[in-house]
Structure formats: C-alpha cells, structure tokens
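Chains as they are written, first to last, in full-length UniProt numbering: chain R, 1 to 219; chain C, 1 to 219. No residue lacks a Cβ here, since even glycine has one placed at the ideal position from N, Cα and C. Report on the following structure.
There are 2 protein chains.
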Amino acid sequence: MTKKPIVPMPVIRRLPRYHRYLEELLKNDVKRISSRELSEKMGVTASQIRQDLNNYGGFGQQGYGYNVEELYNTLTRILGLDKTYSTIIIGAGNLGQAIANYTNFERTGFNLKGIFDINPRLFGLKIRDIEIMDVELLEDFLSKNKIDIAILCIPKDNSQIMADRLVKAGIKAIWNFSPIDLDVPDDVILENVHLSDSLLTLSYRLNEDKLLKNKVEEK
Amino acid sequence: MTKKPIVPMPVIRRLPRYHRYLEELLKNDVKRISSRELSEKMGVTASQIRQDLNNYGGFGQQGYGYNVEELYNTLTRILGLDKTYSTIIIGAGNLGQAIANYTNFERTGFNLKGIFDINPRLFGLKIRDIEIMDVELLEDFLSKNKIDIAILCIPKDNSQIMADRLVKAGIKAIWNFSPIDLDVPDDVILENVHLSDSLLTLSYRLNEDKLLKNKVEEK
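Below, the structure written as structure tokens:
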C-alpha cells in the first residue's frame with residue numbers, strides 16, 4: 001500500500017520547487033519577495049502558496065511579503081534537508097551508474113554508501129570510490145549499516161522481489177526507477193520515477209490535438 | 001508558458017499506467033477484465049477509469065468489462081505509440097549516456113538520431129552506433145533532420161539558453177532533465193523529469209510525521 005502522506009501529495013510536490021526558486025533568489029541576493037512576485041515566478045497563485053505553506057505554520061505577512069532567507073531555511077527544514085541520509089543503489093547498469101555519479105545529491109546530504117549488482121563482472125569496480133558489491137551481500141550489509149533510502153535501478157522483472165528483500169531487511173524508503181508499481185507495506189515510503197511513463201506523456205501530447213479532433217469528427 | 005493539454009494532466013498521467021497494466025494482462029493471456037478488477041489492480045476507482053477513458057470515447061460495457069487487447073490497442077493509439085519518433089539527446093554526461101543506452105525507448109518507437117555535447121573529448125565517441133557531435137552543429141543537424149523530441153540532459157545553468165536554441169530551430173517537444181523550470185512558447189510541449197525534486201519529496205516524507213507533530217506541539 002505504501003505509506004500515506006499527511007499533507008496531500010500535490011502540495012508536497014510543490015515544496016521542492018519553492019525551495020529551488022528561493023535558492024535562486026538567495027543566490028541573486030534578493031532579500032524580500034511579495035507573495036504576488038513569488039507566485040508569478042512560479043506560475044501558481046499567491047493564495048496557493050500561502051495555503052501550501054500554512055500546512056507547516058504561517059509565513060510572511062500581508063503587504064510585507066516573504067523574507068527570502070527565512071523562508072528558504074524553513075523549506076530546507078520542512079524538506080528534511082537539514083539532515084543527511086545514507087543511500088544504496090541496487091543495480092549498477094547505466095541508470096544506476098548515472099545516479100551514483102550524480103554528485104549533486106551528495107551535496108544536498110544524500111550520501112551513497114553502497115552499490116549492488118547481480119553481475120559478477122561488476123563486483124569490485126568502483127564508482128566515486130564506492131565498490132560495486134554482490135547483491136547477495138545486501139542483507140549482511142544492511143544489518144551492519146544504517147541505510148535510509150534504497151534506490152532501485154533494476155529491470156522490472158526482479159524489482160518486486162528486490163523490494164520485498166529491502167523491506168524485510170528494514171528499509172523504510174525506496175526511490176524506485178523500475179517501470180512498475182511496487183507493492184510495499186504501509187510503513188514504507190515509495191517514490192517512483194517512471195521515465196517511460198513520462199516519455200509516453202510526451203508522445204500522447206504530441207498527438208492530442210489530432211486525437212481529440214478525430215474523436216469529435218467520429219461523433 | 002508551454003503548451004496546455006486539452007485533457008487535464010492528472011488524467012493524461014494515468015494513461016501510461018493503464019497501458020502498462022494492460023500490457024501485463026495481455027502477456028498473461030487475460031482476455032477480459034471487469035472495471036472493478038482493473039481498478040483494484042491499479043488502485044483507482046472503477047468510475048475514475050471509466051471517466052478517464054470517456055475523454056477518448058467510451059470503452060467496455062457495464063457487466064461485461066473490458067476486452068483487454070482492444071483496450072490495450074486503443075491506449076497504444078491514444079498514447080501515440082502507433083507512431084515512431086525521432087529524438088536527440090543534448091548532453092552526453094552520465095544521465096544523457098544512461099538514456100542513450102536505454103534501449104526500451106527504442107523498442108517503443110523512440111529512435112535516437114543524434115547526441116550532442118559541448119565537450120570536445122566526447123566528439124566522435126559512439127553510444128549504440130550514434131556519434132556524439134559538437135553542439136555547435138545542432139542547428140545544422142536540425143535543419144537537415146526531422147526531430148520530434150529533444151532530450152535535455154545538461155546542467156541547469158545552460159538549459160534555458162539551449163531550450164531557446166532548440167525552439168528557434170523548430171523543436172516542438174522537450175523532455176527536460178535539467179533541474180529547472182524552462183520557459184518555452186505556447187506551442188512547445190515540455191515534459192520535466194526533476195530527479196532532485198523527486199528525491200526531496202522522499203526526504204520530506206521521511207520527516208513528515210515528526211515535522212507535523214512538532215508543529216502541533218508548538219501551537
């Protein structure tokens with residue numbers, strides 16, 4: 001079932017964007033921003049922003065706007081970016097390697113502790129000083145290391161079995177790149193990046209005009 | 001502003017999932033499925049599925065359910081997967097390479113025609129027989145080749161400039177992996193994969209219980 005969020009998901013999904021915009025403003029030395037300005041930049045209404053933030057206590061004042069640094073720091077805390085996280089990657093194929101090499105995550109506090117694969121030819125190879133290990137060692141590794149997030153980058157046929165193993169070994173958060181909807185218990189957080197779903201959305205939209213025109217004509 | 005979809009985005013985003021599930025059913029030789037069964041599998045209500053599909057004409061019948069193959073084929077057509085698409089990748093870093101190597105897209109009809117990068121050391125190298133080219137040759141390449149989708153895998157600092165170049169050269173669809181909200185004209189379709197936003201959603205959710213508990217206690 002995966003864990004249910006308390007605040008609605010669409011709200012939660014806007015938070016990283018707010019954070020990105022505020023980081024940009026901070027870089028450009030902007031001290032204050034009105035909710036109207038912020039909303040124009042972000043393409044959401046000012047009341048939407050206020051409502052979203054109200055889930056976490058009130059910020060800013062009417063007619064004064066937001067203190068950029070304060071709001072940025074608050075969002076950093078809300079997003080849990082004032083902490084660090086230990087991660088492992090399961091699957092050292094192209095995508096797993098790409099994510100392992102993406103040092104931006106490291107800078108934000110997500111520290112890669114292990115990479116696992118099924119392919120013996122990869123064992124012992126290193127990505128950014130982290131050795132690729134035999135996935136058979138996974139449970140042993142997890143019993144000795146506190147890991148917060150498992151990043152799943154394996155073909156879909158094995159991903160449910162792997163998710164089950166991870167959950168059994170105590171993992172509470174899975175970042176899933178396999179093109180499948182995993183089944184995990186209620187206390188496990190599942191976040192999916194379905195690349196092919198995203199690409200199919202694009203091909204759909206390339207055809208939508210014609211598709212719906214045809215439908216109207218068929219009537 | 002990017003192009004506005006006719007059907008609401010949340011509906012569109014469910015279509016690839018329906019397609020995935022039906023593909024699975026088809027593989028398992030399931031011929032018919034009731035809307036109730038399908039909805040249980042997918043974790044959405046039966047009326048939601050009916051409503052979603054009604055945007056594209058009616059399917060299935062009360063008490064009979066859906067013909068799996070028929071509905072699968074219809075969704076294939078709705079998603080534009082009965083056509084093929086030419087794509088290019090801008091940015092041959094880890095992520096660009098991972099996507100270039102992901103042959104599943106090719107199988108669904110997305111054909112990679114070119115890879116571009118700014119780094120001279122990569123020029124001439126090949127990924128799956130496709131040469132990495134100097135991004136300075138982009139406009140020339142686009143004037144000679146009909147490309148449907150540009151896949152943007154470059155650092156955020158250059159991505160708006162690159163998006164502008166792509167749009168000017170006639171690209172009508174951008175699949176953006178840069179962690180930035182690009183500004184494109186109304187007739188250009190923009191689909192984002194914001195990996196870090198997704199990861200931040202995960203770190204948020206790892207802390208939500210405590211975060212909202214603190215908020216209540218502060219009151």
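Where does residue i sit, in a helix, a strand or coil, going by DSSP?
i: C:LYS219; result: The predicted model places C:LYS219 with a pLDDT of 46, which falls under 50 and marks its position as unreliable, so this point remains unresolved.
i: R:ASN28; result: coil
i: C:ILE174; result: strand
i: C:TYR204; result: helix
i: R:PRO10; result: helix
i: C:SER56; result: Checking the sequence, you will find Tyr at residue 56 of chain C rather than Ser. Reduced to three states, the DSSP call for C:TYR56 is coil.
i: R:TYR66; result: strand
i: C:LYS213; result: helix
i: C:ASP164; result: helix
i: R:HIS19; result: helix
i: C:ILE180; result: coil
i: R:THR76; result: helix
i: R:MET1; result: coil
i: C:LEU71; result: helix
Taking the alpha-carbon of residue i as reference, which of the options has the nearest alpha-carbon?
i: R:PRO10; options: C:ASP181, C:THR74, C:ASN207, C:SER198; result: C:SER198
i: C:LEU212; options: R:ARG77, R:SER47, R:THR2; result: R:ARG77
i: C:TYR18; options: R:MET42, R:LEU125, R:LYS113, R:ASP181; result: R:ASP181
i: R:LEU142; options: R:ALA169, R:ARG50, R:PRO120; result: R:ALA169
i: R:ASP29; options: R:VAL68, R:ASP134, R:ASN119; result: R:VAL68
i: R:ASN145; options: R:TYR204, R:TYR64, R:GLY114, R:CYS153; result: R:GLY114
i: C:SER39; options: C:ARG14, C:TYR204, C:LYS4; result: C:ARG14
i: R:ASN111; options: R:GLY124, R:ARG121, R:LEU81; result: R:LEU81
i: C:VAL193; options: R:LYS210, R:PRO16, R:LYS4, R:PRO5; result: R:PRO16
i: C:LYS31; options: C:ASN73, C:LYS4, C:ASN55, C:VAL44; result: C:ASN73
i: R:ALA92; options: R:ARG107, R:THR84, R:LYS27, R:GLU131; result: R:GLU131
i: R:ASN54; options: R:ASP148, R:VAL7, R:ALA150; result: R:VAL7
i: C:VAL167; options: C:ILE99, C:ASP187, C:ASP209, C:GLU106; result: C:ASP187
i: R:ASP157; options: R:ARG128, R:LYS83, R:PRO179, R:GLN48; result: R:PRO179
i: R:GLY109; options: R:ILE118, R:ARG128, R:THR84, R:TYR102; result: R:THR84
i: R:GLU139; options: R:ILE90, R:TRP175, R:PRO120; result: R:ILE90
i: C:ARG128; options: C:PRO120, C:LYS4, C:ILE99; result: C:ILE99
i: R:PRO155; options: C:THR2, C:TYR102, C:LEU75, C:LYS210; result: C:TYR102
i: C:ILE12; options: C:ARG165, C:GLN48, C:LYS41; result: C:GLN48
i: R:GLU37; options: R:ASP52, R:TYR56, R:TYR64; result: R:TYR64
i: C:THR2; options: C:TRP175, C:LEU200, C:LEU195; result: C:TRP175
i: C:LYS210; options: R:TYR56, R:VAL44, R:MET42, R:ASP52; result: R:TYR56
i: C:MET200; options: R:MET133, R:ALA46, R:SER196, R:LEU75; result: As written in the sequence, residue 200 of chain C is Leu, which differs from the Met given in the question. The residue with the shortest Cα to Cα distance from C:LEU200 is R:LEU75.
If residue i sits next to residue j, beta carbons under 8 Å apart, how far is it from one beta carbon to the other, in whole angstroms?
i: R:ILE88; j: R:PHE116; result: 7 Å
i: R:LEU190; j: C:ALA173; result: Going by Cβ atoms, the distance from R:LEU190 to C:ALA173 rounds to 29 Å, so no, they are not a contact pair.
i: R:GLN97; j: C:ASN104; result: The pair is not a contact, with the Cβ atoms about 17 Å apart (cut-off 8 Å).
i: R:ALA163; j: R:VAL184; result: 6 Å
i: C:LEU22; j: C:LEU71; result: 6 Å
i: C:LEU152; j: R:TYR204; result: No, C:LEU152 and R:TYR204 are not in contact; Cβ-Cβ is about 19 Å, not under 8 Å.
i: R:ASP148; j: C:LEU206; result: 7 Å
i: C:LEU25; j: C:ILE33; result: 6 Å
i: C:ARG50; j: C:SER35; result: 6 Å
i: C:PRO5; j: R:GLU106; result: 36 Å between Cβ atoms; not a contact.
i: C:ILE171; j: C:ALA150; result: 5 Å
Name, in chain order, the residues that DSSP records as bridge partners for residue i.
i: C:ILE189; result: C:ALA173
i: C:ILE33; result: C:TYR66
At a CB-CB cut-off below 7 Å, which residues of chain D make contact with residue i?
i: C:ILE189; result: Although the question refers to chain D, the structure presented lacks it and instead comprises the protein chains R and C.
Unbroken stretches of the alpha helix (DSSP H), 4 residues or longer, contained in the segment 81-157 of chain R = 94-101, 103-107, 138-144
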